[in-house]
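Read in the working numbering, the sequence shown has 125 at position 125, and its numbers run on one by one without any break.
Cβ coordinates follow ideal geometry from the N, Cα and C atoms, glycine included.
Following: one structure in structure tokens, then a few remarks.
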Amino acid sequence: MVGLVQHGDWVIMYENNGYVGATPELMQPLSVGREVVVHHGSENSYFFWYVDGENRTWFETLFASQRNGSAPDELVPIMRQIGGFELEPDEPVKRTEFHDDEATFALCDSLTGLRLTPQLLRAATFTVVEVVNRPGTPAAADRQPQRSAAAEQTQGIRDWARRQGHNLP
């Protein structure tokens, strides 16, 4: 299950203890015609930045020097300005008041112009969408077996977006 809420021009997706946002097979098709910014926090936290179906930059937040994607260094100037990231593998981290997760939230804020605060999340009314993670689970029993889990998850998010009046491909 994921919670979705519209805030300005952006849609916030919240997922407790899951990997929908950190699954490129789901986020890449959703980013066609738009931008998707993901901060996935867990024991291994990740950042993903998709633009128009392209995974431009992604990295494990603790090891930001090991960036991947089609434009892995494009965000480095912003990341340097924010601080708190290890940007060069041979250079020790010059810590500021930020830590990896805080720096990643600040990067998301910078890219979206949306400051994600506890107050914003508490005041929001989320629409809950079922996301089928594994086609063989009981929740997926009535679904078409030839569709992949990624297709199921993407379709659930697209269905919600259409109900909200967004025209997704």
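Item: Taking Ala-71 as the reference, give the member of Thr-61, Phe-63 and Glu-54 with the closest Cα.; Value: Glu-54
Item: Which residues bound the alpha helix (DSSP H) around Leu-107?; Value: 100-112
Item: Mark Ser-42 as exposed unless 16 or more other C-beta atoms lie within 10 angstroms of its C-beta, in which case mark it buried.; Value: exposed
Item: Strictly under 7 Å for the Cβ-Cβ distance: is Gln-155 near chain D by that measure?; Value: Of the protein chains in this structure there is only one, and it is not chain D.
Item: With DSSP collapsed to three states, give me the class of Met-27.; Value: helix
Item: Rounded C-beta distance between Ala-103 and Val-5? I'm assuming under 8 Å.; Value: Not confirmed; about 24 Å, so no contact.
Item: Using CA atoms only, rank isn't needed, just tell me which of Tyr-50, Tyr-46 and Asp-52 is closest to Ser-65.; Value: Tyr-46
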